[in-house]
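To convert, note that position 177 of the sequence shown is 177 in our numbering; the numbers rise steadily by one, no gaps.
Every residue, glycine too, gets a C-beta built ideally from N, C-alpha and C.
Keep in mind that this is a model prediction, so the values were computed, not measured.
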Amino acid sequence: MHSDPALAQGVADGAGFNPLEWFKNALGWINSRLLNVLEWIDSLGAIGGIAFIFLYIFATVALLPGSVITVGGGFVFGIFFGSLYVLIGATLGATAAFLVGRYLARGWVANKIAGNRKFAAIDRAVGREGLKIVFLTRLSPVFPFVFLNYAYGLTGVSLKDYFFASIGMLPGTIMYVYFGSLASDLATIGAGEQPENSAIKLIINIIAFIATVAVTLYVTKIAKKALDEEISQDQVADETI
């Protein structure tokens, strides 16, 4: 997401404070800083992967948008290492946020989700099948990923189940990383670097990316259906009681 100078100019011209415009400008500023950090990581060479993992952990705990970093991982490291680094960073970051939500910021998180009926249903489902429910929400998130990490700290799911259920992030991770890798290939060709059979490789990558998106969307649809069934079972049980 890019910031729009016209929005900032409108506020400066005395149009009044608009929270939505301010948020869009702030998010654009954050994304531009993240891109700068990714460029710096790209220049680090062998230790860039470690720096990237720490960046992802920090962004997850700080509730910063992870999609920009995930795509950046594909752009900088390629599909395999990009997916590996993102999955490690996202899992460790999610675990850190989970522990903060459970032990350090419990009151703040509880206030944020108070009265949310969907999360209340998920909470009850987690009490019955913690690993399965967390895994399904990783495949088909019903809350923004960064805040859901904190919210799970209030549930009865064990740290072990929560940690291993993070593998559910893999399909979405590969899709975003693949997009970043494809963008890197396009940038290379656009810069005039034409390796042998580059056109054929690009076509293959585009087809593979489309297939990845299709599989991810299909898996997400199945996960959402399964999660909805689990939640509806708990809601029916509550009404019966």
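Ile167, enclosing alpha helix (DSSP H) - first and last residue: Taking the first residue of the sequence shown as position 1, residue 167 is located at position 167. Ile167 -> no alpha helix (DSSP H), and no H or E assigned at all.
Which of helix, strand or coil DSSP assigns to Ser140: As a working note, residue 140 is residue 140 in the sequence shown. Reduced to three states, the DSSP call for Ser140 is coil.
When Leu227, Gly82, Leu182 are compared against Ala208, the one with the closest alpha-carbon: The residue you call residue 208 lines up with position 208 of the sequence shown. With distances taken between Cα atoms, Ala208 lies closest to Leu182.
Where Ala243 sits in the DSSP three-state scheme: Look at the range of the chain in this structure, 1 to 241, and you will see that residue 243 is not part of it.
Contacting residues, own chain, Cβ-Cβ under 7 angstroms from Ala223 (five flanking each side not counted): For the purposes of this step, residue 223 is identified with residue 223 of the sequence shown, where counting begins at 1. Same-chain partners within the cutoff: Leu136, Leu139, Ser140.
Distance, Val134 Cα to Tyr152 Cα: Taking the first residue of the sequence shown as position 1, residue 152 is located at position 152. Taking the first residue of the sequence shown as position 1, residue 134 is located at position 134. Going from the Cα of Tyr152 to the Cα of Val134 covers about 8 angstroms.
Anticipated Cβ contact below 8 angstroms, Leu34 with Val61, distance rounded: For the purposes of this step, residue 34 is taken as residue 34 along the sequence shown, with counting starting at 1. For the purposes of this step, residue 61 is taken as residue 61 along the sequence shown, with counting starting at 1. Wrong, their Cβ atoms sit about 14 angstroms apart, outside the cutoff.
Of the residues Ala125, Gly78, Phe164, Leu148, the one placed nearest Ala110, counting alpha carbons only: As a position in the sequence shown, residue 110 is number 110, starting the count at 1. Residue Leu148 is the option with its Cα nearest to Ala110.
Limits of the unbroken alpha helix (DSSP H) element including Gly89: The count along the sequence shown starts at 1 and reaches residue 89 at position 89. 66-99 is the span of the alpha helix (DSSP H), which, as asked, contains Gly89.
CB contact flag (Gly89, Ile57, <9 angstroms): Translated into positions along the sequence shown, residue 89 becomes position 89. Translated into positions along the sequence shown, residue 57 becomes position 57. Their beta carbons are under 9 angstroms apart, which means Gly89 touches Ile57 by this criterion.
Close beta carbons around Val244, own chain, < 7 angstroms, minus the five adjacent residues each side: Any answer about residue 244 is impossible in this case: the structure gives the chain only from 1 up to 241.
CB contact flag (Tyr150, Val76, <9 angstroms): The residue labelled residue 150 in the question sits at position 150 within the sequence shown. The residue labelled residue 76 in the question sits at position 76 within the sequence shown. No.
Distance between Gly130 and Ala165 (C-alpha atoms, nearest Å): Counting from one through the sequence shown, the residue named residue 165 turns up at place 165. Counting from one through the sequence shown, the residue named residue 130 turns up at place 130. Roughly 9 angstroms separates the two Cα atoms.
Rounded straight-line distance, which links the Cα of Ile167 to that of Ala94: As a first step, residue 94 must be located in the sequence shown, where it is residue number 94. As a first step, residue 167 must be located in the sequence shown, where it is residue number 167. Distance between the alpha carbons of Ala94 and Ile167 is about 12 angstroms.
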